[in-house]
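Peer 1: One structure follows; several queries about it will come next.
Chains as they are written, first to last, in our numbering: chain A, 19 to 364; chain B, 19 to 364.
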């Protein structure tokens, strides 16, 4: 990129809000312009035609005319998606020679979420608190001086996929005295702190040994429906499935049946089969139920609205990493979190 | 102790229930007898008069005729209390030459409870779950794609008292990237993983630097009311007080006022100012509210019914440690968890 090319377009409210984080971390002198939905689509299309680099993402954008004008972005050399998942992205729309990167920084928040949810599963703060507030020194009808609460200590956490989220989770789980095992695509010796590591074909072995099974893999043709009835029945009857990846990794019907029939111990689900439109995510609006099945009728599920990554800390770390990518690209290097580039003729 | 002295009395339902754990771990041939409340007080008094060693505890016992007959236990050389706290114990009742020990094994459960409660504080699984079950993709009225959730990463945990519970908690908190600091009675260099260590007179320094303050000290004349209005106001306005020690370490009126007036961020309270009688701890009975103040009206408190230690794992580890003490005493040694001995003339 030459100095003249250094027009950096920040698109969307959330991206523009982190301008100062990007600016403070950048060592390259980009000329930054901002586009917000209120500026109108015509302005957005014009700005994209000039930009050398762009930070924007989201399937709201995917569906909008701004995104459709992407093939017209004749100067675009770098598109930075400001989060991790890009299963929604069709590279056919990306201009030839435009490099695309995704962004990390949320793995700490995700790992904390997973440990917190497992501890909530074992300790049940929700019921303890609600019950004591009524003046009852019981827990689900049993005296609190009985030994009702579980422990993570000595239990096995089996992780499917071994990327950044898995590694941060494994480190924390090991500090709790958990055995941590994993399967992933790449054959290798078990990296610390794992007690066991296998390839994806050894998933049944992992399922059989795990008290908690954590899904962290990406959703692709290999992982779609990876966990269905046979895999769920390989799990211990007390086993707990944790999905912070994508709902599509788990067969919706089979998961609901296993939970309803109590053939597994339970599930901690942060990712879902049905989502609100972007405009239902504001405080005033409602949204659809997260599945066509009535998960809300089940007591053996902890349900959360795809929020495991949503900490301020995640976002700040993410935008610091984005600034690093912008610096790399400006000096002619590949971004640290390269995911592909466009074939589309301009 | 001579072989003839090796009559070991297990008193109470909970103690008798762990007979097999003691027997499996013991390397000494004690002759074990069991007493349960249903056997009647006369039987208990007679058995105590013969026993060389005894495992029993609890303030129910303290108030009962069996306990009052303790000075008559003319052969008793060792009394093992099967838990940690003994602030209820008056050594004046203990026969001369009878050594008393308490028991640990719950520190892992306590550490898990503390980390779980801090994560519940930051993530709020309770509200997330309840809200999504209604079909709303919000959290306390704010869209979930905002950055609402907190993190432990980078925050400071300040611990008051640095015994077994504190050490287990510190190790786990450090794995979350927390800074961990502590004050305790004993002057020493900061042991790993602490970033700072001070003596009790430096409590104000600890309070000023902490995001979470965890009380793990025992209740005694030095610690009674240790945390009152001045200490609470030294805490950050977002600071969270965690009490898993004894309620009496914190001034009841001042704590309620600080929470009600939101001059501190919140509290996680597992120990209380008012408790049920032992016979209210069964499932059918109710109990008193845990304080004369209406903590149940506050939203900035996580309230739990003194259950942080109550895991099966705690109890089994505890009775294994009790067996080790019984072995030590049988070979003429002091128990590993000696707390004192009796002055009472027989």
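Ideal Cβ placement from N, Cα and C applies to all residues, glycine included. Model, not experiment: these values are computed from the prediction.
Quick one: what's got a C-beta closer than 8 Å to residue 324 of chain A's C-beta in the same chain, skipping five residues either side?
Peer 2: 288, 289, 290, 293
Peer 1: Considering only the alpha carbon of each residue, which of A:176, A:306, A:315, A:337 lies closest to residue 156 of chain B?
Peer 2: Nearest C-alpha to residue 156 of chain B: A:306.
Peer 1: Kindly indicate if chain D contains any beta-carbon less than 8 Å away from that of residue 305 of chain A.
Peer 2: Note that chain D does not occur in the displayed structure, where the protein chains are A and B.
Peer 1: With distance defined between alpha-carbon atoms, name the residue in A:216, A:54, A:338 nearest to residue 204 of chain A.
Peer 2: A:216
Peer 1: For residue 31 of chain B, report the span of its alpha helix (DSSP H) as first-last.
Peer 2: 31 to 35
Peer 1: Exposed or buried, what is residue 255 of chain B when buried is set at 16 or more other beta-carbons lying within 10 Å of its beta-carbon?
Peer 2: Around the CB of residue 255 of chain B, fewer than 16 other CB atoms lie within 10 Å, so the residue is classed as exposed.
Peer 1: Go through its chain and collect everything with a Cβ distance to residue 141 of chain B's Cβ below 6 Å, but skip five positions before and after it.
Peer 2: Residues of the same chain with a CB within less than 6 Å of the CB of residue 141 of chain B, apart from the 5 flanking positions on each side, are 167 in chain order.
Peer 1: In three-state terms, what does DSSP make of residue 290 of chain B?
Peer 2: Coil, per DSSP.
Peer 1: Might you give, ordered along the chain, the residues of its own chain that have their beta carbon closer than 8 Å to the beta carbon of residue 270 of chain A, omitting 5 neighbours on each side?
Peer 2: 291, 309, 310, 311
Peer 1: Among A:62, A:278, A:198, A:108, which residue has its Cα nearest to the Cα of residue 361 of chain A?
Peer 2: A:108
Peer 1: In its own chain, which residues sit with a C-beta less than 6 Å from the C-beta of residue 14 of chain B, not counting the 5 before and 5 after it?
Peer 2: Limits of chain B in this structure are 19 at one end and 364 at the other, which puts residue 14 of chain B out of reach.
Peer 1: Residue 135 of chain A: which of A:43, A:346, A:259 sits nearest, CA to CA?
Peer 2: Just measuring C-alpha positions, the residue of A:43, A:346, A:259 sitting nearest residue 135 of chain A is A:259.
Peer 1: For residue 307 of chain A, does the three-state DSSP call read helix, strand or coil?
Peer 2: coil
Peer 1: Determine the DSSP secondary structure at residue 322 of chain A, reduced to helix, strand or coil.
Peer 2: coil
Peer 1: Does the beta-carbon distance from residue 355 of chain B to residue 120 of chain B come in below 8 Å?
Peer 2: yes
Peer 1: Let me know the secondary structure DSSP gives residue 262 of chain A once reduced to three states.
Peer 2: In this structure, residue 262 of chain A counts as coil in the three-state DSSP scheme.
Peer 1: Is it buried or exposed, residue 152 of chain A, if we count other Cβ atoms within 10 angstroms and call 16 or more buried?
Peer 2: exposed
Peer 1: Output yes or no for whether 8 Å exceeds the beta carbon distance between residue 130 of chain B and residue 171 of chain A.
Peer 2: Yes; because the gap between Cβ atoms is below 8 Å, this pair is in contact.
Peer 1: If you run the structure through DSSP and keep just helix, strand and coil, what is residue 143 of chain A?
Peer 2: helix
Peer 1: So if I threshold CB-CB distances at 9 Å, which residues from the segment 201 to 231 of chain A count as touching chain B?
Peer 2: none
Peer 1: Decide if residue 280 of chain A is buried, meaning its Cβ has at least 16 other Cβ atoms within 10 Å, or exposed.
Peer 2: exposed
Peer 1: What span of residues does the alpha helix (DSSP H) with residue 278 of chain A cover, start to end?
Peer 2: Element bounds for residue 278 of chain A: 270 to 278.
Peer 1: Does the structure place the segment 85 to 96 of chain A close enough to the segment 62 to 72 of chain A that three or more beta carbon pairs sit under 8 Å?
Peer 2: yes
Peer 1: Excluding the 5 residues preceding and the 5 following residue 222 of chain B in the sequence, name in chain order all residues of the same chain whose CB lies nearer than 6 Å to its CB.
Peer 2: Around residue 222 of chain B: 252.
Peer 1: Entirely within the segment 35 to 107 of chain B and at least 3 residues each: give me those beta strand (DSSP E) ranges in chain order.
Peer 2: 49 to 53, 71 to 73, 96 to 98
Peer 1: Within the 8 Å Cβ cut-off, does residue 36 of chain A reach chain B?
Peer 2: no
Peer 1: Look at the Cβ atom of residue 87 of chain A, then the Cβ atom of residue 174 of chain A, and state whether they are nearer than 8 Å.
Peer 2: no
Peer 1: Given residue 244 of chain A, which residues of its chain have a CB within under 6 Å of its CB, disregarding the five upstream and five downstream residues?
Peer 2: 267
Peer 1: Check the Cβ-Cβ distances between residue 144 of chain A and every residue of chain B, and say whether any is below 8 Å.
Peer 2: yes
Peer 1: Residue 337 of chain A by DSSP, collapsed to three states: which one?
Peer 2: When secondary structure is reduced to three states using DSSP, residue 337 of chain A falls in the helix class.
Peer 1: When you compare only the Cα positions, how much space is there between residue 231 of chain B and residue 177 of chain B?
Peer 2: In a straight line, the C-alpha of residue 231 of chain B is about 6 Å away from that of residue 177 of chain B.
Peer 1: Can you check whether the C-beta of residue 55 of chain B is within less than 8 Å of a C-beta belonging to chain A?
Peer 2: In terms of beta-carbon proximity, residue 55 of chain B stays away from the interface with chain A, with every pair separated by 8 Å or more.
Peer 1: Pick helix, strand or coil for residue 202 of chain B, following the three-state DSSP scheme.
Peer 2: strand
Peer 1: If you reduce the DSSP assignment to three classes, tell me which class residue 123 of chain A lands in.
Peer 2: coil
Peer 1: Buried or exposed, going by whether 16 or more other CB atoms sit within 10 Å of the CB of residue 226 of chain A?
Peer 2: Residue 226 of chain A is exposed by the Cβ-count criterion.
Peer 1: What are the residues in the segment 114 to 137 of chain B lying within 9 Å of chain A by C-beta distance?
Peer 2: Against chain A - using a Cβ distance shorter than 9 Å - the residues of the segment 114 to 137 of chain B are 126, 127, 129, 130, 131, 133, 134, 135, 136, 137.
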